[in-house]
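In order, the protein sequences belong to chains A and B.
Note that this note's numbering numbers the first sequence so that position 186 is 175, with each residue one more than the last.
Note that this note's numbering numbers the second sequence so that position 220 is 209, with each residue one more than the last.
First comes the structure, then the notes that go with it.
Number of protein chains: 2
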Amino acid sequence: MRGILLSDDDLPGPAPGILIAPAYAGTGPVEEERAEVLARAGYVVLLGDYYGEGKRAADAEEATALMFGVEAQRPVLARRMAAALAALAAQESVDATRLGAMGYCYGGKAVLDLARSGADLAVAGSLHGVLDRPPQPTQAIKASVLVMHGWDDPLAKPEAVVALAQELTAAGAEWQLMGFGQTGHSFTNPRANSPENGMAYSAAATQRAYAALDRLFAEKLGR
Amino acid sequence: MRGILLSDDDLPGPAPGILIAPAYAGTGPVEEERAEVLARAGYVVLLGDYYGEGKRAADAEEATALMFGVEAQRPVLARRMAAALAALAAQESVDATRLGAMGYCYGGKAVLDLARSGADLAVAGSLHGVLDRPPQPTQAIKASVLVMHGWDDPLAKPEAVVALAQELTAAGAEWQLMGFGQTGHSFTNPRANSPENGMAYSAAATQRAYAALDRLFAEKLGR
Chain A
-10 MRGILLSDDD
0 LPGPAPGILI
10 APAYAGTGPV
20 EEERAEVLAR
30 AGYVVLLGDY
40 YGEGKRAADA
50 EEATALMFGV
60 EAQRPVLARR
70 MAAALAALAA
80 QESVDATRLG
90 AMGYCYGGKA
100 VLDLARSGAD
110 LAVAGSLHGV
120 LDRPPQPTQA
130 IKASVLVMHG
140 WDDPLAKPEA
150 VVALAQELTA
160 AGAEWQLMGF
170 GQTGHSFTNP
180 RANSPENGMA
190 YSAAATQRAY
200 AALDRLFAEK
210 LGR
Chain B
-10 MRGILLSDDD
0 LPGPAPGILI
10 APAYAGTGPV
20 EEERAEVLAR
30 AGYVVLLGDY
40 YGEGKRAADA
50 EEATALMFGV
60 EAQRPVLARR
70 MAAALAALAA
80 QESVDATRLG
90 AMGYCYGGKA
100 VLDLARSGAD
110 LAVAGSLHGV
120 LDRPPQPTQA
130 IKASVLVMHG
140 WDDPLAKPEA
150 VVALAQELTA
160 AGAEWQLMGF
170 GQTGHSFTNP
180 RANSPENGMA
190 YSAAATQRAY
200 AALDRLFAEK
210 LGR
């Protein structure tokens, strides 16, 4: 696995760490911009890699193939995320008692799977994540989970939202759902422009989601 | 109908107006405190009355009887709310082009019914509202709707949330749902203390709900 670590040069001491799980195409402009914003805010940020070798897909076809490669061995996703979190926690610049994670699309699923594994995580944020449960059992969830979801997302229907809510409740998680009406998948991606397929950018949903997630990071990670 | 109007003495000119629909017991400390906060923030606030004569129930039994009296003639609820909104809009201190509404419990239903009627409303906020649809057809919804919901609310199950989402989407509304895990009905009420019946105060949910609603009022009513 090959991630990218960002932090401010002038950190006064060990800082909270945030792991970002990219969308299914691998790290791109959306994840990079977000990482910069969080690093400037004083977090140490790891842009994670759940494919290996820091792969970035050239197009949707390649991204889909990479994603199905991991999906076919689903428990691997949580293990790779756990390895990334451990690498982040091991940084000298990081206060390992204050860790959060966020992810987009398939990376949202990756973050949920990490939280489901009982990882030592204060915050788990999923942005238009895919919500279906992995085969391995859900552990007691330590993270405060924030699910940011476009209600018209074709990859996560209302039934999947309701099932996730039930799962998180049963796992004892503190959790919140933000559902955005008239909004589909990929709402954080300014290049998403396929409303007929339920995938389109929404500036309003993006702004509301990031604002809520930033507040939760600040609340739980003590910044 | 007999409401209570609150506003700051030093308003520089016509201000946006907010109608508050109380919980089923009629206006009490929760609604009054909220009205004061909003008035201090520069809104003209009307504590509405959907029972008549400004009735406040002495206990849960009386509140239930009052509520069923209105519920038995459900279309009346939206009409009484419309009359309250018109009274608010007619105040000299109010800019009638900038109106919002919020409500608790049965008052959440009242605000939703007002929005469903196509009222000229920029914001409609429901706090642990009851979500079922009235018999009259839903009109094109002008309000930006924010549904703040405890996921374990016994008065509004996940199926009702999903049905409301579908209704709001079909009505063309801009809408958002905040779902709070491990949270039931009455979460804004510090005196609610019946978790075994799914009704209990949650300081965290209250704070998150009010913060989101305040931001939406500020965004849509231009304060």
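Each residue gets a CB set at the ideal place from its N, CA and C atoms; glycine is no exception.
Residues of chain A with a Cβ closer than 9 Å to the Cβ of Val151(B) are, in chain order, Pro147, Glu148, Val150 and Val151.
Between the C-alpha atoms of Ala132(B) and Leu8(B) there is a straight-line separation of about 13 Å.
In this structure, DSSP gives Phe57(B) a helical state, which the three-state scheme calls helix.
In the structure shown, Met91(A) falls within a strand segment according to DSSP collapsed to helix, strand and coil. Nearest CB-CB separation between Phe169(A) and chain B: below the 7 Å threshold. Here the stretch 112 to 120 of chain A lies against the stretch 200 to 212 of chain A, with 3 or more beta-carbon pairs under 8 Å apart. In the three-state scheme derived from DSSP, where H, G and I count as helix and E and B as strand, Thr86(B) is classed as strand.
Met137(A) has Leu116(A) and Met167(A) as its beta-bridge partners, per DSSP. Judged by DSSP secondary structure, Leu36(A) falls within the beta strand (DSSP E) whose first and last residues are Val33 to Leu36.
Closer than 7 Å to the CB of Leu166(A) there is at least one CB belonging to chain B. Between Gln125(A) and Pro64(A), the CB-CB gap stays under 7 Å. A contact between stretches requires three or more CB pairs, one per stretch, nearer than 8 Å, and the stretch 46 to 53 of chain B fails this requirement with the stretch 77 to 88 of chain B.
The C-beta distance from Gln171(B) to Met167(A) rounds to 16 Å, too long to fall under 8 Å, and the pair is not in contact.
Checking the DSSP bridge columns, you'll see Leu103(B) has no partner listed. Flagged as an interface residue toward chain A: Ala154(B), by a C-beta distance shorter than 7 Å. The C-beta distance from Pro147(A) to Val151(B) rounds to 5 Å, short enough to fall under 8 Å. Contact annotation: the stretch -1 to 6 of chain B does not touch the stretch 176 to 184 of chain A, with fewer than three C-beta pairs closer than 8 Å.
By DSSP's assignment, Asn186(A) forms no beta bridge with any residue. Excluding the 5 residues flanking it on each side, Leu153(A) has same chain C-beta neighbours closer than 6 Å at Leu120, in chain order.
The C-beta distance from Leu36(A) to Glu20(A) rounds to 6 Å, short enough to meet the 8 Å contact threshold. In this chain, the alpha helix (DSSP H) harbouring Leu27(A) covers Pro18 to Arg29. Taking 7 Å as the cut-off, the beta carbon of Ala46(A) is found no closer than this to the beta carbon of Gly92(A). Listed along chain A, the residues sitting closer than 8 Å to Thr158(B) by beta-carbon distance are Trp140, Asp141, Gly170 and Gln171. Residue pairing from DSSP places Leu(-5)(A) in a beta bridge opposite Val34(A).
Ranked by Cα distance from Val136(B), the first of Val33(B), Leu144(B) and Ala198(B) is Ala198(B). Measuring C-alpha to C-alpha distances from Ala162(B) to each of Met188(B), Asp142(B), Gly43(B) and Gln128(B) identifies Gln128(B) as the nearest.
One thing to note: Ser82(A) has its Cβ within 7 Å of the Cβ of Ser(-4)(A).
Looking from the CA of Gly187(A), the closest CA among Thr158(A), Ala159(A), Ala145(A) and Ala149(A) belongs to Ala145(A). Between the C-alpha atoms of Val26(A) and Asp203(A) there is a straight-line separation of about 10 Å. As the crow flies, the alpha-carbon of Met56(B) is around 6 Å from that of Tyr13(B). For Ala193(A), the enclosing alpha helix (DSSP H) starts and ends at Ala192 to Leu210.
The Cβ atoms of Arg(-9)(A) and Gly58(A) do not sit closer than 7 Å to each other.
The C-beta distance from Asp142(B) to His117(B) rounds to 6 Å, short enough to meet the 8 Å contact threshold. Residue environment: Gly41(B) is assigned as exposed (fewer than 16 neighbouring CB atoms within 10 Å of its CB, all protein chains considered). Pairing Tyr95(B) with Gln80(A), the inter-Cα distance amounts to about 52 Å.
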